[in-house]
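**Student:** Each step along the sequence shown adds one to the number in my numbering, with nothing skipped, and position 13 is 1237.
Glycine included, C-beta positions come from ideal geometry on N, C-alpha and C.
Bear in mind the structure is a predicted one, so any value in this text is a computation, not a measurement.
Dropping a structure here in structure tokens format, bear with me for questions.
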Amino acid sequence: MELNELTAHEIRNLLESGKTSSEEVTRAVFAKIDREDGQIGAYITLCKEWAFDRAKTVDRKRKDGQAMPPLAGIPIAIKDNICTRDIRTTCSSKILENFFPPYQATVVEKILASDMVPIGKTNMDEFAMGSSTETSFFGVTHNPWNLEMIPGGSSGGSAASVANDEAIVSLGSDTGGSIRQPAGMCGVVGLKPTYGKVSRFGLIAFASSLDQIGPLTGDVEDSALLLDAICGHDARDSTSVDVPANHAKALSGSISKNIIGIPDEYFVGGLETEVETAVREAIKVLEGLGAKLQRVSLPHTDYAIATYYIIATAEASSNLARYDGVKYGYRHKAEKGLSLSEMYGKTRSEGFGVEVKRRIGLGTYTLSAGYYDAYYLKAQRVRTLIRNDFEKAFGKCDCIIAPTSPTAAFRIGEKIDNPLQMYLSDIFTIPANLAGIPAISIPCGLTRDGLPIGLQIMGKAFDETTILQTAYAYEQAADWRTITPDGNKL
Ligand code: GLN
């Protein structure tokens, strides 16, 4: 087995016992990228020099006998909507094609403080709007399990980089499913933390009341370790909360007294039979481990997509107003005699892609004076109903299990011209964002065509520990982790 195929905690053991170095691990990761990223397209920008510099520094510190954080020396990929100082951060958009942030996102400061080794910036849907990584200005990312398939989105590059061993772990962002859905489709673990658990400072905003940064990793233990490294209060994000970073330590807690909720509304038409079968098998495995099952109802689930697409587009239309060609980013090459507003108009119509424009249009409409009450306000009320559904359900259970997505990965091009079809792929992930609760996707099987299936576990606000413990117990019992895309790709 190559070093880049190991998990972070496996590499940590080798590093601590002196059997390898961060430099060697980093070399293995870049060798894989050099060989295969031409076909996968997980990365937009690589920062090789910085990575090797840091890897050597970390190795030196370790040699000097300094106490090292758990993820010291581990290569990490970063979604390209997370600001990295002096390293291009594009959001996969032409409008930010040449944006070099003058500051570091808090999560980046944290991973640097953890002595991790940033490898590069990963491809995504433009401004994180999409479910397939096809709306990127820089081209599509291919699913390592089958190159004709999408990797999911919007954190498709982050998921594919880990699935294809082109990074050990990565960071993504999740507004309506963008960590969990690509994790499910690429056969890796993706965690959306509770809203407020991780600072959003330096995350380029899409929909600020829904966005959260989280880990994509090869297994659950790595997910807990990376969450520990990035969570906590940040004075620069007033929605962030002070929480103890002790998830990795609590992982192996017993789940035999846990009650697992099975929501009626998540096993409905549109759910592919193979996905349903795999999820039901996984539920049986958890039952075998002693967990009790409890039917629960989340009656407003049907309204989640409509609610999300009103709130998310409203917030996006406001957040994206800053890209006007004046302060930074792309500007229309001046034709003589343009007024200021003509320059704005041309800049934005040239700089944004089709999906982003669709959302700005929708969001501006629902926020307009005549329609605000009918759409935006109503959506906020329904959001409260959806949150109440979860609160009620969590009165009866400790966590809730569901599929991550209704289908496995679909073909590149299959849904790109049908936005409503595309929006439906997040039907099971969006409610957790609307409610602000944590949710994780872990691999739970393969389709007949050999594509990964994701199992989603949702938890109470700030109770990542229970969902991580449940995910860990399942992973140990089922061990899908030993199956990799290697046999049937490239
Ligand atoms: N696919 C959803 C959307 O297009 C969610 C995206 C996300 O979580 N960033 O908005």
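Since Y1267 is in the beta strand (DSSP E), which residue starts that stretch and which ends it?
**Tutor:** Translated into the one-based positions of the sequence shown, residue 1267 becomes position 43. Per DSSP, Y1267 belongs to the beta strand (DSSP E) from 1267 to 1270.
**Student:** Would you say G1354 touches the ligand GLN, meaning its beta carbon is less than 7 Å from a heavy atom?
**Tutor:** Position 130 of the sequence shown holds residue 1354. G1354: yes, Cβ under 7 Å from the ligand GLN.
**Student:** Report, in whole angstroms, the separation of the C-beta atoms of Q1405 and T1608, which I expect to be a contact under 8 Å.
**Tutor:** Here the question's residue 1405 lines up with position 181 in the sequence shown. Here the question's residue 1608 lines up with position 384 in the sequence shown. Wrong, their Cβ atoms sit about 25 Å apart, outside the cutoff.
**Student:** Could you check whether the Cβ of T1690 sits closer than 7 Å to any heavy atom belonging to the ligand GLN?
**Tutor:** Translated into positions along the sequence shown, residue 1690 becomes position 466. For the ligand GLN, not one heavy atom lies less than 7 Å from the Cβ of T1690.
**Student:** Which residue from A1407, G1344, G1594 puts its Cα closest to that of K1272?
**Tutor:** By one-based count along the sequence shown, residue 1272 stands at place 48. For K1272, the nearest C-alpha among the options comes from G1344.
**Student:** Kindly indicate which three-state DSSP category R1424 falls into: helix, strand or coil?
**Tutor:** On the sequence shown, position 200 is the one that residue 1424 refers to. DSSP places R1424 in coil when its eight states are reduced to three.
**Student:** Does the distance from the C-beta atom of E1498 to that of F1491 stay below 8 Å?
**Tutor:** For this step, residue 1498 is matched to residue 274 along the sequence shown. For this step, residue 1491 is matched to residue 267 along the sequence shown. Not a contact, by the Cβ cut-off of 8 Å.
**Student:** Could you check what DSSP says for R1555 in three-state terms: helix, strand or coil?
**Tutor:** Taking the first residue of the sequence shown as 1, we reach residue 1555 at position 331. Three-state result, R1555: coil.
**Student:** Do you know offhand how far T1708's Cα is from P1299's?
**Tutor:** Taking the sequence shown and counting its residues from 1, one reaches residue 1708 at position 484. Taking the sequence shown and counting its residues from 1, one reaches residue 1299 at position 75. Near 19 Å, if we compare the C-alpha coordinates of P1299 and T1708.
**Student:** Roughly how many angstroms lie between the CA atoms of C1307 and F1323, to the nearest whole one?
**Tutor:** What you label residue 1307 is simply residue 83 of the sequence shown in a count that begins at 1. What you label residue 1323 is simply residue 99 of the sequence shown in a count that begins at 1. If I take the Cα positions, the gap works out to 10 Å.
**Student:** Is A1633 near the ligand GLN, in the sense that its beta carbon is under 7 Å from a heavy atom of that ligand?
**Tutor:** To locate residue 1633, count along the sequence shown from 1; it is residue 409. Checking the Cβ of A1633 against the ligand GLN gives no.
**Student:** What do you reckon, are the CB atoms on T1689 and H1471 nearer than 8 Å?
**Tutor:** Residue mapping note: residue 1689 aligns to position 465 of the sequence shown, counting from 1. Residue mapping note: residue 1471 aligns to position 247 of the sequence shown, counting from 1. Result yes, Cβ atoms of T1689 and H1471 sit closer than 8 Å.
**Student:** Do you know whose CA, among Y1647, I1640, E1559, lies nearest A1536's CA?
**Tutor:** Sequence index remark: in the sequence shown, residue 1536 carries index 312 (1-based). Nearest of Y1647, I1640, E1559 to A1536, Cα basis: Y1647.
**Student:** Could you compute how far the alpha carbon of T1244 sits from the alpha carbon of A1626?
**Tutor:** The residue labelled residue 1244 in the question sits at position 20 within the sequence shown. The residue labelled residue 1626 in the question sits at position 402 within the sequence shown. About 40 Å.
**Student:** Quick one: is T1706 buried, meaning 16 or more other Cβ sit within 10 Å of its Cβ, or exposed?
**Tutor:** One-based indexing of the sequence shown puts residue 1706 at position 482. Exposed, by the Cβ-count rule.
**Student:** Express the C-alpha separation of S1649 and P1630 in angstroms, rounding to a whole number.
**Tutor:** Position 406 of the sequence shown, counting from 1, holds the residue named residue 1630. Position 425 of the sequence shown, counting from 1, holds the residue named residue 1649. Computed Cα separation, rounded: 6 Å.
**Student:** For M1373, which beta-bridge partners are listed by DSSP?
**Tutor:** Translated into positions along the sequence shown, residue 1373 becomes position 149. Beta-bridge pairing links M1373 to R1635.
**Student:** Along the alpha helix (DSSP H) that carries L1475, what are the first and last residues, could you check?
**Tutor:** The sequence position of residue 1475 within the sequence shown is 251, counting from 1. Careful: L1475 lies outside any alpha helix (DSSP H) and carries neither H nor E.
**Student:** Spell out a yes or no on whether the stretch 1441 to 1460 and the stretch 1347 to 1356 are touching, meaning 3 or more CB-CB pairs, one atom from each, closer than 8 Å.
**Tutor:** With a cut-off of 8 Å, the stretch 1347 to 1356 and the stretch 1441 to 1460 do not count as touching, because too few Cβ pairs lie within range.
**Student:** Residue ranges of each beta strand (DSSP E) run of no fewer than 3 residues wholly in the stretch 1623 to 1672, ordered along the chain?
**Tutor:** Runs of the beta strand (DSSP E) inside the stretch 1623 to 1672: 1623 to 1627, 1663 to 1670.
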